[in-house]
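**Q** For the protein sequence lines, the chains are A and B, in the order given. Quick note: the first sequence uses the working numbering, first residue 14, plus one each step. Quick note: the second sequence uses the working numbering, first residue 14, plus one each step.
Protein chains: 2
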Amino acid sequence: MTTGGARAFAPGHVTVFFAPHWSDDPARTGSIGGGLTISEGVTVGVTAAETTRIRINGRDGAMDAVGYVLEELGVPAAVRIDTELPIGAGFGVSGAAALATALAGNHAAGGALSENELVRIAHCAEVRAGTGLGDVVAQARGGIPLRIEPGAPGFGALDGIPAASRLEYQSFGELPTAEILSGDTRVIREAGSRALERVRASPTLETLFAAGRAFARETGLLDPEIEAVVREVRDGGGEATMAMLGRTVVGLGTGLTDAGYEPSVARTHTGGASLVIE
Amino acid sequence: MTTGGARAFAPGHVTVFFAPHWSDDPARTGSIGGGLTISEGVTVGVTAAETTRIRINGRDGAMDAVGYVLEELGVPAAVRIDTELPIGAGFGVSGAAALATALAGNHAAGGALSENELVRIAHCAEVRAGTGLGDVVAQARGGIPLRIEPGAPGFGALDGIPAASRLEYQSFGELPTAEILSGDTRVIREAGSRALERVRASPTLETLFAAGRAFARETGLLDPEIEAVVREVRDGGGEATMAMLGRTVVGLGTGLTDAGYEPSVARTHTGGASLVIE
């Protein structure tokens with residue numbers, strides 16, 4: 014076992030709609046749904062150390078899912094997490110950090126595990142932390158993922174929308190993921206399942222966004238401010254919807270710019286999470 | 014149905030070892046094995062046309078798997094296939110061309126199918142053409158794929174080696190894929206299954222290359238010229254093995270250069286095949 018350092022990148026992931034699925038086994042827990050991985054993401058550097066210490070964008074911090082990954086790997090480490098994405102705003106930053114930590118931590122420790130095993134570890138860590146149900150498997154895949162069966166590799170199954178696009182996003186604040194997921198999710202499950210059926214029947218970006226808007230309305234997760242921004246973009250002929258779960262609007266092409274906003278600009282991400290070649 | 018044009022890219026794929034699996038159903042036919050996707054690949058432009066016409070690197074040509082994909086999509090088209098990779102030398106060019114044609118052809122026709130459906134169509138076209146058994150699913154995934162169950166999405170299953178590296182390759186000519194695959198493949202099946210077990214137990218690049226060399230020896234596919242090049246690289250402390258099926262040596266880092274060759278240089282490819290944003 015070497016004890017060097019390694020870095021990995023995982024793309025951000027905006028969930029557009031979802032239906033949670035619970036099990037006693039965290040590897041079988043997860044969600045079905047649809048989303049977009051984005052070219053901005055999370056870079057994690059892992060260096061073996063006596064005790065685990067986590068720095069986020071240059072400051073000491075904590076991220077439960079990252080700590081659980083290192084526990085599972087048995088690798089105490091100094092972890093540097095860097096991201097330009099807003100945290101808690103629906104970009105799956107904790108899932109990306111957990112997944113990149115798994116990839117970099119495994120490599121730093123000599124590389125005993127396969128990608129599926131590392132995705133499972135990161136997925137289970139996210140489930141245990143209560144910070145996400147489907148981001149990790151989506152971020153491992155990349156592209157525009159459809160989660161057609163919930164859970165980690167070996168249980169879950171993915172498909173994708175064969176498209177690519179410039180993206181824009183603007184965040185207006187956080188939503189409490191853990192609180193929403195621990196409430197009554199029957200309406201979310203039903204709306205999410207309907208949305209997935211609709212997109213599988215017509216796997217295009219246009220259908221994904223239309224299904225996302227219907228999901229946001231039907232679940233009551235769409236607040237008036239976000240709804241107004243989405244409507245402005247739509248009125249200008251653009252595509253936009255709400256990120257689940259965050260007070261964030263994501264749009265295709267130049268929709269947000271055309272509506273007078275000054276959004277962050279990114280693209281759909283082609284690949285999944287990966288080690289960074291030093 | 015729109016009738017515009019679209020472009021897609023699929024990475025090259027070097028199979029390091031494999032075990033073929035046959036079925037009456039082409040979607041269940043395929044191979045288990047291990048390989049590397051590489052940053053060089055195939056770009057395909059598809060424009061709807063009255064009759065199908067295929068140009069390869071600027072010249073009229075034919076590629077059965079590409080023709081079968083367009084038939085299955087019901088999209089006669091003008092197809093431009095461009096690649097810097099040598100054809101018939103073990104880089105999965107026909108698989109990449111079939112997969113990129115499926116992605117671009119679907120998009121040009123309005124986008125009715127999902128990624129899994131397009132991968133299935135390209136995989137079945139390759140099987141029907143007799144030009145490959147596992148390249149398409151590997152190229153759809155990217156990274157360093159392990160094909161742990163054979164066949165198209167829905168039947169096959171993939172894992173991956175969590176690594177990334179500079180690659181070098183040098184080709185010394187073609188091997189007749191169809192001829193080898195239509196012969197007695199018992200020895201290949203047994204050696205390929207052993208190699209996969211070995212790599213799954215230790216999913217690193219070093220084990221992949223060691224398993225590949227053992228596979229090449231055990232199957233008798235390693236000819237003396239290729240064997241000598243691999244040995245030179247190994248003697249210099251580098252990693253190299255033979256591409257299956259081609260008279261090509263692929264190495265990590267600067268192994269071939271260090272041994273005095275002037276190889277092509279590439280990297281492991283992070284993502285799978287995807288549309289190109291115009």
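Ideal placement from N, C-alpha and C gives every residue a C-beta, glycine not left out. Remember, predicted model here, so these are calculated numbers, not experimental data.
In terms of residue numbering, what span does the beta strand (DSSP E) encompassing Asp95 of chain B cover?
**A** 90-96 is the span of the beta strand (DSSP E), which, as asked, contains Asp95 of chain B.
**Q** Examine chain A for any beta-carbon lying closer than 8 Å to the beta-carbon of Gly310 of chain B, and answer yes or no.
**A** Because chain B here runs from 14 to 291, residue 310 of chain B falls outside it and cannot be looked at.
**Q** If you draw a straight line from the C-alpha of Ala153 of chain B to the C-alpha of Ala102 of chain A, how long is it?
**A** Going by the C-alpha atoms only, they are around 30 Å apart.
**Q** Hey, Leu188 of chain B and Leu269 of chain B: beta-carbon distance below 8 Å or not?
**A** No, the Cβ-Cβ distance between Leu188 of chain B and Leu269 of chain B is not below 8 Å.
**Q** Between Tyr81 of chain B and the rest of its own chain, which residues show a CB-CB distance below 8 Å, the 5 nearest in sequence each way excluded?
**A** Ala111, Cys137, Ala138, Arg141, Ala142.
**Q** For the stretch 208-239 of chain A, list every residue whose C-beta sits within 8 Å of some C-beta in chain B, in sequence order.
**A** Listed by position, the residues of the stretch 208-239 of chain A near chain B (Cβ gap below 8 Å) are Arg213, Ser215, Pro216, Thr217.
**Q** Tell me whether the beta-carbon of His120 of chain A lies closer than 8 Å to the beta-carbon of Pro175 of chain B.
**A** Yes, the Cβ-Cβ distance between His120 of chain A and Pro175 of chain B is below 8 Å.
**Q** At a Cβ threshold of 8 Å, is Thr60 of chain A touching chain B?
**A** Not an interface residue.
**Q** Shorter than 7 Å, the distance from the beta carbon of Leu49 of chain B to the closest heavy atom of the ligand GTP, or not?
**A** Ligands displayed in this structure: none; no statement on the ligand GTP is therefore possible.
**Q** Check whether the Cβ atoms of Tyr182 of chain B and Thr281 of chain B lie closer than 8 Å to each other.
**A** Their beta carbons are not under 8 Å apart, which means Tyr182 of chain B does not touch Thr281 of chain B by this criterion.
**Q** Applying the criterion that 16 or more other CB atoms from any shown protein chain within 10 Å of the CB defines a buried residue, is Arg160 of chain A buried or exposed?
**A** Classification of Arg160 of chain A: buried, given that the 10 Å Cβ count is 16 or more.
**Q** Suppose contacts are defined by Cβ-Cβ distances below 8 Å. Is Glu219 of chain A in contact with Glu252 of chain A by that definition?
**A** Yes, the pair counts as a contact, with Cβ atoms nearer than the cut-off.
**Q** Does any residue of chain A have a CB that is nearer than 8 Å to the CB of His120 of chain B?
**A** Yes - at least one Cβ of chain A is within 8 Å of the one on His120 of chain B.
**Q** What does Ala223 of chain A pair with, by DSSP beta-bridge criteria?
**A** According to DSSP, which records beta bridges pairwise, Ala223 of chain A is partnered with nothing at all.
**Q** Contact check, Gly205 of chain A vs Arg41 of chain A under 8 Å by CB: the rounded distance?
**A** Not a contact, Cβ separation roughly 17 Å.
**Q** Quick one: what's got a C-beta closer than 7 Å to Leu235 of chain B's C-beta in the same chain, skipping five residues either side?
**A** Ala229, Met255, listed in sequence order.
**Q** Just curious, the alpha helix (DSSP H) that Pro33 of chain A is in, first and last residue?
**A** Careful: Pro33 of chain A lies outside any alpha helix (DSSP H), inside the beta strand (DSSP E) at 18-34.
**Q** Tell me where the beta strand (DSSP E) around Glu187 of chain B begins and ends.
**A** First-last for Glu187 of chain B: undefined, no H or E at that position.
**Q** Beta-carbon of Pro276 of chain A versus every beta-carbon of chain B: anything under 8 Å?
**A** No, Pro276 of chain A does not count as interfacial toward chain B.
**Q** For Asp148 of chain B, which three-state DSSP category applies?
**A** In the structure shown, Asp148 of chain B sits in a helix (DSSP, three-state: H, G or I).
**Q** Contact defined as beta carbons within less than 8 Å: I believe Thr96 of chain A pairs with Gly54 of chain A. What is the distance between those atoms, to the nearest angstrom?
**A** At roughly 7 Å, the Cβ-Cβ gap stays under 8 Å, so Thr96 of chain A and Gly54 of chain A are in contact.
**Q** Short check: CB of Leu49 of chain B to CB of Val79 of chain B, under 8 Å?
**A** Going by C-beta atoms, Leu49 of chain B is not nearer than 8 Å to Val79 of chain B.
**Q** As an exercise, report each continuous beta strand (DSSP E) stretch of at least 3 residues that is fully enclosed by the stretch 234-282 of chain B, in chain order.
**A** Segments of the beta strand (DSSP E) lying fully in the stretch 234-282 of chain B: 253-255, 261-265, 277-280.
**Q** Any C-beta of chain B sitting closer than 8 Å to the C-beta of Arg202 of chain A?
**A** No, no contact with chain B.
**Q** Just how far apart, CA to CA, sit Ala23 of chain A and Gly284 of chain A?
**A** Looking at the two C-alpha atoms, the distance is approximately 9 Å.
**Q** Would DSSP call Arg41 of chain B helix, strand or coil?
**A** Here Arg41 of chain B sits in coil by DSSP.
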